[in-house]
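What follows is a set of notes on a single structure, which appears directly below.
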Amino acid sequence: MPLTDPDRLFPVEPALRDQARVLYDSVKDLPIVSPHGHCDPSWFARNERFPDPSALFVTPDHYVFRMLVSQGVAMADLGVPRADGGLVETHPRKIWHRFASHYFLFRGTPSAMWLDHSFEHVFGLDAPFGPDTADMYYDHIEARLATDAYLPRALFKRFNVEVLATTEGALDDLRWHKAIAESGWDGRVVTTYRPDAVVDPDFEGFAENVAELGRLTGENTATWDGYLAAHRARRAVFRDHGATATDHGHPTARTADLDRGEAAVLLQKVLLGDATQPEKEMFRAQMLTEMARMSLEDGMVMQIHPGSRRNHNARVFAEFGRDKGFDIPGPTDYVTALKPMLDAVGMEPGLTIILFTLDETAYGRELAPLAGAYPALTLGPPWWFFDSYEGIKRFRETTTETCGFYNTAGFNDDTRAFCSIPARHDVARRSDCAYLATLVGTGRLREAEAFELAHDLTYGLAKKAYKL
Amino acid sequence: MPLTDPDRLFPVEPALRDQARVLYDSVKDLPIVSPHGHCDPSWFARNERFPDPSALFVTPDHYVFRMLVSQGVAMADLGVPRADGGLVETHPRKIWHRFASHYFLFRGTPSAMWLDHSFEHVFGLDAPFGPDTADMYYDHIEARLATDAYLPRALFKRFNVEVLATTEGALDDLRWHKAIAESGWDGRVVTTYRPDAVVDPDFEGFAENVAELGRLTGENTATWDGYLAAHRARRAVFRDHGATATDHGHPTARTADLDRGEAAVLLQKVLLGDATQPEKEMFRAQMLTEMARMSLEDGMVMQIHPGSRRNHNARVFAEFGRDKGFDIPGPTDYVTALKPMLDAVGMEPGLTIILFTLDETAYGRELAPLAGAYPALTLGPPWWFFDSYEGIKRFRETTTETCGFYNTAGFNDDTRAFCSIPARHDVARRSDCAYLATLVGTGRLREAEAFELAHDLTYGLAKKAYKL
Amino acid sequence: MPLTDPDRLFPVEPALRDQARVLYDSVKDLPIVSPHGHCDPSWFARNERFPDPSALFVTPDHYVFRMLVSQGVAMADLGVPRADGGLVETHPRKIWHRFASHYFLFRGTPSAMWLDHSFEHVFGLDAPFGPDTADMYYDHIEARLATDAYLPRALFKRFNVEVLATTEGALDDLRWHKAIAESGWDGRVVTTYRPDAVVDPDFEGFAENVAELGRLTGENTATWDGYLAAHRARRAVFRDHGATATDHGHPTARTADLDRGEAAVLLQKVLLGDATQPEKEMFRAQMLTEMARMSLEDGMVMQIHPGSRRNHNARVFAEFGRDKGFDIPGPTDYVTALKPMLDAVGMEPGLTIILFTLDETAYGRELAPLAGAYPALTLGPPWWFFDSYEGIKRFRETTTETCGFYNTAGFNDDTRAFCSIPARHDVARRSDCAYLATLVGTGRLREAEAFELAHDLTYGLAKKAYKL
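For the record, the sequence lines run as chains F, A and S. Sequential numbering of the first sequence, starting at 34, is according to the numbering used here. Sequential numbering of the second sequence, starting at 34, is according to the numbering used here. Sequential numbering of the third sequence, starting at 34, is according to the numbering used here.
This is the structure in structure tokens:
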């Protein structure tokens, strides 16, 4: 009996299930286009083996360890490195046992489906994972990781990845991307320009980061013109390493369109560190519009994902630092926030701005109406907590009727868990085919249209939206 | 093979589908009651032929042209008239070709279903519309429009419209309604009192509009008493032209209940043009309560639809003016906003205030709890972006459990696309029958109750709510 | 033909229905654990017969009478007691007739399902209720109420209630709980500590309530230390009467963590009655954190349910007082509001804070991400307006993927309608089994896991979360 149901996520009604299955069969073997993610490019540059099962599945994946933490397991006991230098668990097998004994917590979650899919399809396991099978799993995975077939580049090929985008900060030297390019390996791994650390005055070390941006580019980033020129220069460097997109994680979607003089004064203030919170917010807002204008110049696709309240718990942030599963979404306004930027560049048909949300109430109320009107706007896929069967279903049900399919951008896996990439794309393919089958079964779509759409949602729209 | 699936929008599970079909069969031929819409009364007064297929289906319908605009087609290339006097496309067949080549964008949207339904059931076409069939479609529709059977009054009868409400501004001379009445034609077309232009200080030409209201009624609208008396007089004139309802499109649902002196001072300020934004908002708020009080006096049903951020894009507004598909909803508060009005008149069983929303989060959280308690409140149907299968489904699922069916107002088509009226009512009838069938199939409703409800949702509730 | 469909609320697709039925069969006879409700403990202390059918089903249940009020029935005509001393209907049979003639209003609502379930399973009726059967119903129920089998304790046993929690204010003398304990009856009825009247400066008589708290405990509640000590003392008394939990109904979820000096000053202000609204809000906010700290000390489970705008209509509040169906939810922020408390105690694995919401948009956006990260947080079940099939479905669909099942707290009936308790738990059991069956049928859960979960959702999680 397989670990995962071959018909999983398809509708249960037999006619719909058959329809979903034939649609899925037509796209399941298409290459993976992964235009937005957080894999480490050094994996593909160095092509060294992954250290152990826990380092692969537990310690780096905040989707996984946060669930155990929520039930009282200490983060340190899962080997998560401490920012304050405190001791953490170093025995991978002990971490693995803790993971196994709490695996039941994942029942009904996409994490369970992704993990089971990886266990089965990447590692060839078919017994349910749990305390009884923990050691067998550990030994089996450990043995596989020691083989050449499980080196990063081999898995990349086996996963049928056509292109994988990573995300690097504006100050990154892109050495691993350079190394990949120089290695002669034919896997396509591209970078993405993520300038938050030099755009957000609340980022740790902001002023020093901006000074470093100046050093890297030879521009005087203490002036507004120099600061913008430095961004242009770094964007060009990123494009040289394959980047077709930029990525902007802001607390809100606020944009602004100040005149040059105002913007220059604001830059001085944020660099001197005496800006108020509204001024910092205004600076971030202005920079989204500047980045949109640069995208219009240089053709890079712009991604905006607002609305996460980062590092929600003071103690976890102090002890473990950023990105530890304590980023919690809040209500997010788009309609008022984006107006200045959209007044400036929203009607440009040559510009692509991809909007993400963590506030699902915006799908039908704001995002689909905006994307269904503005040429420059495209909806990003459901993301983060909503990269799941129900999340994808709600996304389609609340956006399609207003903006159709062709104002959306295909799927993103957005992951740092490499082995989960095929599983995540598979969930998206199945979920989309289930939705399309339902439309066909209820007379809202012709079957031939559904086959075209299945291909577009799986492959065509991501390639087009990201110019890959 | 028919263009539209005869079982469209019904559940797929066979028992539920059978149940939905018999419910639908019991209501599909009921007359159309259309209590809220934007058809042009001159169509029925003059009874002249519709000019051409593009003028019928593309140019006036912002649901349609906004989708093409969102994918980079210029609004002017679709013949949308420019407010700034610039040139636009004047060849209807060229516009039709652009429409046809982008028709795939509507896949999965209610627009596609409405259009296909009109093509098939109004014009007798059965090949899928697209680039290959564009000319055939154009010629076919053009030929039909030239016949008597496609004149407005003939279609009105063929569509089985029992009553159609249009919407006119407070200053409208209602000449077309007068002409219809005097023509001896027995079609029932009534007007609706929409005073936004003389109630909203942000409306273009507000002060002049209020002065004109004074001239029309012989009241001194520069005084608070005269201004209110002028509204009363215009409401009476509208009632003489069949109106049973008023309609209020406000940016928010804010209401107020100021004393007479405060209100009078506020009127002076907004007329002089020196009111602040909060004062303008307060004036609109006060006027909702005044309108509710007048409804209590004169029996007119009051409709409130707040929450649209109108004319979102500065460039589109400057070039093309209002109502061009760039009205984007935002979060809308009802519970705090409506309290002053509800404290004043909410417990009056003789008053009917119909609430609409563009913020679906309010359905379950605010609107159903309010409508399920206040005698004066009734929920309007899902509307604008939500006048669709999924929109209707979410509306029923999130409101019925709290306020039942009998605090809702039946269906509105809210359209300016005359040929889509049968299609829109058909979608509502099918969607409601699908929902009722699901309730029966899951033991939440008896079958006999479902038949009664199907009739009420299709016909009875709209007649009762709007006193038609 | 039974009044209620034996397969109600199960999926309609035959394979899913079979799956749901076997899951339900495995839990339908489990004892009822009712950890949060509003039954009157005097019923079980005195064990006197319920007065009449209207007093059992109509007059005390705001779910029921608000629906009739919303359609124009006067509250007084349903026997709801007036706070202003005005006359109300005193003939129970007349009230019953009004109820019967409006019973169709409940079509499609959970109230109809609860009532039909009670009529059938508690009273043995099987004809649909309505005007034609009103007298037959009245006489039948009246006759049953006169028998010993329908005394409160007998029904408690027949309903298979393992434990029932009531809710008492901090100043309650708990005499009925004492009487139950001293009576030797073996039914388990426990109290819950609800201190709103001595914590919320906006509560009627707040300063006097705090003074009374001092008299009851011998503490000087005019000082911060004395005020906190008094709470500790009352919590201990409540624990002596079985309480394992506290309950906090606040207008918002705002928390604070002031230093001792600030808090002491704030207490003075709110007691003197010269606090501003923000200061009152800050006091409530501080007290949530204080209560959480006390829970960490004494082990009591803390329940927070924010977001209701109480007593929305001025006229109803003046004439009839609190809890008359005019409490309307509004948008509720959790992520910012809870941060001070969660920074203080959120990472404590020994603490249980159960969060409720009336704003469903928070489920997926805030509550599941918070509960899926913080050890101290658990999600309460859908509640009040959402204690229903669709409400439970949306809850599971929007939370499970992010925080799983094991960060949720089982079911609460939250009712003051004793005879509806079995019906409400039955709806929850059926709705959860329907959801689990759907997960199994779509490959998201193994069948053996579903059986374990059905038991946990019905019984295990509530016992564990509330330490019962």
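C-beta: ideal position from N, C-alpha, C; glycine also.
- Between the region 108-128 of chain S and the region 451-470 of chain A, the count of Cβ pairs shorter than 8 Å is below three; the stretches do not touch.
- Shown here, R265 of chain A sits in a helix according to DSSP, grouped into three states.
- Look at P44 of chain S here: in three-state DSSP terms it is coil, with no helix or strand label.
- In the assembly as shown, G306 of chain F is an exposed residue. Its beta-carbon has fewer than 16 other beta-carbons within 10 Å.
- Below 8 Å, too few C-beta pairs join the region 316-331 of chain S and the region 352-368 of chain A to call them touching: fewer than three.
- Under the three-state reduction of DSSP, T433 of chain A is assigned to helix.
- Within chain F, no C-beta atom comes nearer than 9 Å to that of P339 of chain A; the closest sits roughly 13 Å away.
- Residue contact with chain A for G105 of chain F: absent (no Cβ-Cβ distance below 9 Å to any residue of chain A).
- In summary, the residues of the region 405-430 of chain A whose CB is separated from some CB of chain S by less than 7 Å are G405, A406, Y407, P408, E430, in the order they occur in the chain.
- Unbroken alpha helix (DSSP H) runs of no fewer than 4 residues, entirely contained in the region 78-105 of chain A, are found at 86-90, 95-103, following chain order.
- In the structure shown, T166 of chain F adopts helical secondary structure according to DSSP, grouped into three states.
- Linking A230 of chain A to T250 of chain A through their CA atoms gives a straight-line distance of about 16 Å.
- Put simply, the backbone Cα of Y468 of chain A is about 13 Å away from that of R140 of chain S.
- In the three-state DSSP reduction, G202 of chain S falls in the strand class (E or B).
- Taking a Cβ-Cβ cut-off of 9 Å, the neighbours of D40 of chain A in chain F comprise T475, G476, given in sequence order.
- Cβ-Cβ distances below 7 Å link A212 of chain S to A78 in the same chain, with the five nearest sequence neighbours on each side left out; the list follows chain order.
- Boundaries for A116 of chain A: no alpha helix (DSSP H) harbours it, and the DSSP string shows neither H nor E there.
- Counting along the chain, M327 of chain A sits inside the alpha helix (DSSP H) bounded by residues 310-331.
- At least one C-beta of chain S is nearer than 9 Å to the C-beta of Y439 of chain A.
- Taken atom to atom, the span from the alpha-carbon of T277 of chain S to that of L384 of chain S is near 12 Å.
- Considering only beta carbons, the part of the region 375-401 of chain S lying closer than 7 Å to chain A consists of L391, D392, E393, T394, in chain order.
- Listed in chain order, the beta strand (DSSP E) runs fully inside the region 202-228 of chain F amount to none, counting runs of at least 3 residues.
- For V378 of chain F, the enclosing alpha helix (DSSP H) covers residues 372-378.
- Shown here for R267 of chain S: same chain residues with a beta carbon closer than 6 Å to its own, the five before and five after excluded, namely A203 in chain order.
- Here the region 335-352 of chain A lies against the region 364-379 of chain F, with 3 or more beta-carbon pairs under 8 Å apart.
- For R99 of chain F, the closest Cβ of chain S is nearer than 9 Å.
- Here T448 of chain A is buried: its Cβ has 16 or more other Cβ atoms, across all protein chains shown, within 10 Å.
- By the criterion of a C-beta distance shorter than 7 Å, P114 of chain S is surrounded in its chain by V121, once the five residues flanking it on both sides are discounted.
- Membership of H458 of chain F in any beta strand (DSSP E) is not indicated; the residue belongs instead to the alpha helix (DSSP H) covering 454-474.
- Against chain A, the CB of V368 of chain F has a partner CB under 9 Å away; the residue lies at that interface.
- Under a 10 Å Cβ-count criterion, E314 of chain A is classified as buried, with 16 or more other Cβ atoms of the shown protein chains found around its own Cβ.
- Identification of residues in the region 278-302 of chain S having a C-beta nearer than 7 Å to some C-beta of chain F yields an empty set.
- As a beta-bridge residue in DSSP terms, H281 of chain S pairs with S:I337.
- Nearest Cα to I128 of chain F within the set F:P234, F:F137, F:S67, F:A109: F:A109.
- For Q104 of chain F, same chain residues with a beta-carbon under 7 Å away, outside a window of 5 residues either side, are H135, L138 in chain order.
- According to DSSP, residue pairing for S67 of chain S in a beta bridge involves S:L197.
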